[in-house]
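*Asks:* Note that this note's numbering has the sequence shown beginning at 207, numbered continuously upward. After the structure tokens below, expect a handful of questions from me.
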Amino acid sequence: MPDSAEDARYMDRALELARQGLGATSPNPMVSAVLVKDGKVVGEGFHLYSEVKHAETLALEQAGQDARGATLYVNLEPCCHTGRTPPCTEALVKAGVKRVVAGMADPNPLVAGSGFHILKEAGVEVETGVREAACRTLNEHFSRYVRSGRPFVTLKTAMTLDGKIAAGDGKGGWITGEMARAYVHQLRHAHDALLTGVGTVMADDPLLTDRSGRPRRRPLLRVVLDSPLRLPLDTKVVCGADNDLVVVCGANADPGRERAMACGRMSVLRAPDTRPGIHWVLKELARREIQSVLIEAGALINGAALEADVIDKVVVFFAPKLLGGGDAVPSFGGRGLGSLGATRPVQVTTLQQIGEDILVEGYLHDVYGDR
């Protein structure tokens, strides 16, 4: 029997390679492939959307004749349908790969186990579930997108220890330190779009850009919810726009104002209701192949997202500060959930110190729906 420790080691290598596609594969998943023969790596590859070829194809090309009789380690089930490329299962069988070790089944309904079935029918040994938890986490954005037809939603907020995100005087300012803010740029890099409200833009005048310094396939799409279209045109988010800004207005917004704002650098999306509903906004973003959305907003939008139950993951920074005051702004506004019995449980996965601040990360939803 194959050494499970060896399988885990090569799957770790596959995960390491797949992560190099962060920001460069959406709306496709992050996938890598490692071909091993006689204890040696003979071929490797990871997918980038712009380069079209799948990871398995790249690994096979690098291995050449050494692919025959080799074991393939891949973090996601090989595809068995024709999209921009022919099926990877067909290429693996033709190359004579003896064994396939996969981290997880593909959540895409077009695949969903069919790739494994085709390989087994062709006589290829198949083993699944190696480093499965890590493989699932890697592609949780893709999984939400293909299974539900809406983007994966992460809500990030930063607050004082007493739960305040802003003082009552309406003036903006940093709550967290520099290390926490650098972490947020890594978060932005991992998402396709950033969603906020016009109130946040007017209070803080932020850029809302990905300044991680890492390459990405398409710019981070900035989405500003602005029912009456009152966004000033001299804000940084507007002045720096380059076809990467969408302002979502309500049905009653002034058409003249809409025409003035809908220029080549930005677009305006008019909702069917007076106030854009969060479900409708996410559906529209999914139509644009937005796989993941990071909410960085104020209390009202945070509260609306909580009430609508669209938050998949929370990233919360607690600064070691106290603000107090009845006029200070809480992290979540709106009506709330009404009672302690209605609270949404969070499965906490991370609790660590980032600089002087405390980071808490956790999930509200399981995108795979089986735990």
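A virtual CB, placed ideally from N, CA and C, is assigned to each residue, including glycine.
Which residues share a DSSP beta bridge with Leu431?
*Replies:* Its beta-bridge partners are Gly403 and Val454.
*Asks:* Among residues of its own chain, excluding the 5 on either side of Arg481, which ones have a beta-carbon nearer than 7 Å to its beta-carbon?
*Replies:* For Arg481, where only same-chain residues beyond five positions count, the Cβ hits under 7 Å are Ser433 and Gly456.
*Asks:* Does DSSP classify Ala534 as helix, strand or coil?
*Replies:* Coil.
*Asks:* Leu528 to Gly378, Cα distance in whole Å?
*Replies:* Rounded to whole angstroms, Leu528 to Gly378 spans 16 Å at the Cα level.
*Asks:* Pair every Cβ in the segment 235 to 251 with every Cβ in the segment 268 to 286, then say whether three or more of these pairs are closer than 8 Å.
*Replies:* Counting Cβ pairs under 8 Å, three or more are found: they touch.
*Asks:* With distances taken between CB atoms, is the gap from Val535 to Gly504 smaller than 9 Å?
*Replies:* Cβ distance < 9 Å, so Val535 and Gly504 count as in contact.
*Asks:* Are the beta-carbon atoms of Cys286 and Val317 separated by less than 9 Å?
*Replies:* For Cys286 and Val317, yes; Cβs fall inside 9 Å.
*Asks:* Whose C-alpha, out of His260, Thr277 and Leu254, is nearest the C-alpha of Asp244?
*Replies:* Closest by alpha carbon: Thr277.
*Asks:* So, helix, strand or coil for Thr288, using DSSP?
*Replies:* Note: Thr288 maps to coil in three-state DSSP.
*Asks:* Could you give the DSSP three-state label for Ala409: helix, strand or coil?
*Replies:* It is helical.
*Asks:* Where does Tyr574 sit, in a helix, a strand or coil, going by DSSP?
*Replies:* If DSSP states are grouped into helix, strand and coil, Tyr574 belongs with coil.
*Asks:* Look at the alpha carbon of Thr263 and the alpha carbon of Val452, and state the distance between them as a whole number of angstroms.
*Replies:* Near 37 Å, if we compare the C-alpha coordinates of Val452 and Thr263.
*Asks:* Rounded to whole angstroms, how far is the Cβ of Gly309 from the Cβ of Ala273, which I believe are closer than 8 Å?
*Replies:* Rounded, the Cβ-Cβ distance is 20 Å, inconsistent with contact.
*Asks:* For Thr363, which of helix, strand or coil comes out of DSSP?
*Replies:* Residue state, collapsed to three classes: strand.
*Asks:* So, using beta-carbon positions, are Leu413 and Ile496 closer together than 9 Å?
*Replies:* Their beta carbons are not under 9 Å apart, which means Leu413 does not touch Ile496 by this criterion.
*Asks:* Leaving out five residues on either side along the sequence, give the residues of the same chain with a beta carbon under 6 Å from the beta carbon of Ala311.
*Replies:* For Ala311, where only same-chain residues beyond five positions count, the Cβ hits under 6 Å are Glu283 and Gly319.
*Asks:* Quick one: complete alpha helix (DSSP H) runs, 4+ long, within the segment 336 to 363?
*Replies:* Correct list: 338 to 344 and 346 to 354.
*Asks:* Select from Thr549, Ile564 and His260 the residue whose C-alpha is nearest the C-alpha of Glu384.
*Replies:* Looking at the Cα atoms, Ile564 is the closest of the given residues.
*Asks:* According to DSSP, what are the bridge partners of Phe523?
*Replies:* According to DSSP, Phe523 bridges with Ala364 and Leu565.
*Asks:* Compute the distance between the beta-carbons of Pro421 and Asn449, then report whether it is under 9 Å.
*Replies:* Cβ distance not < 9 Å, so Pro421 and Asn449 don't count as in contact.
*Asks:* Are Ile501 and Thr360 touching if we call contact CB-CB under 9 Å?
*Replies:* Yes, they are a contact pair.
*Asks:* Taking its Cβ as the centre, do 16 or more other Cβ atoms sit within 10 Å of Cys469, making it buried, or is it exposed?
*Replies:* Exposed, since its Cβ has fewer than 16 Cβ neighbours within 10 Å.
*Asks:* Leu400: which of Ala510, Asp368 and Thr415 sits nearest, CA to CA?
*Replies:* Of Ala510, Asp368 and Thr415, the residue nearest in Cα terms is Thr415.
*Asks:* Please return the same chain residues whose Cβ sits closer than 6 Å to the Cβ of Gly302, not counting the five positions on each side in sequence.
*Replies:* Same-chain partners within the cutoff: Arg274.
*Asks:* Taking the straight line between their C-alpha atoms, what separation do you get for Glu346 and Arg356?
*Replies:* Their backbone Cα atoms lie some 12 Å apart in a straight line.
*Asks:* State the Cα-Cα distance for the pair Glu257 and Arg290, rounded to the nearest angstrom.
*Replies:* One C-alpha to the other measures close to 11 Å.
*Asks:* Count the other C-beta atoms from every protein chain shown that fall within 10 angstroms of the C-beta of His253, then say buried if there are 16 or more, exposed otherwise.
*Replies:* Buried: at least 16 other Cβ atoms inside 10 Å.
*Asks:* If we ignore side chains and look at the alpha-carbon of each, how far apart do Asp213 and Lys304 end up?
*Replies:* Asp213 and Lys304: Cα-Cα distance of roughly 14 Å.
*Asks:* Thinking just about the alpha-carbon of each residue, which of Ala220, Val330, Ala372 and Asp572 is nearest to the one in Phe162?
*Replies:* Any question about residue 162 goes unanswered here, given that the chain covers just 207 to 577.
*Asks:* Which residue spans inside the segment 240 to 310 form an unbroken alpha helix (DSSP H) run of at least 4?
*Replies:* Taking only runs of at least 4 residues, the alpha helix (DSSP H) segments lying wholly in the segment 240 to 310 are 261 to 269 and 294 to 301.
*Asks:* So, for Arg577: in the same chain, excluding its five sequence neighbours on each side, which residues have a beta-carbon less than 6 Å away from its beta-carbon?
*Replies:* Because Arg577 sits at a pLDDT of 38, beneath the cut-off of 50, its placement in the model cannot be relied upon, and the following sentence gives the value as read from the coordinates. Result list for Arg577: empty, nothing under 6 Å.
*Asks:* At what residues does the alpha helix (DSSP H) containing Ile484 begin and finish?
*Replies:* Residues Ile484 to Arg493.
*Asks:* On the CB-based measure, 16 or more other CB atoms within 10 Å of its CB, does Thr555 come out buried or exposed?
*Replies:* Burial call: exposed.
*Asks:* Closest by CA to Ala269, which one among Thr382, Glu464, Asp440 and Ala297?
*Replies:* Per the Cα distances, Ala297.
*Asks:* Contact defined as beta carbons within less than 8 Å: I believe Leu228 pairs with His395. What is the distance between those atoms, to the nearest angstrom?
*Replies:* Yes, they are in contact, since the Cβ atoms of Leu228 and His395 sit about 7 Å apart, within 8 Å.
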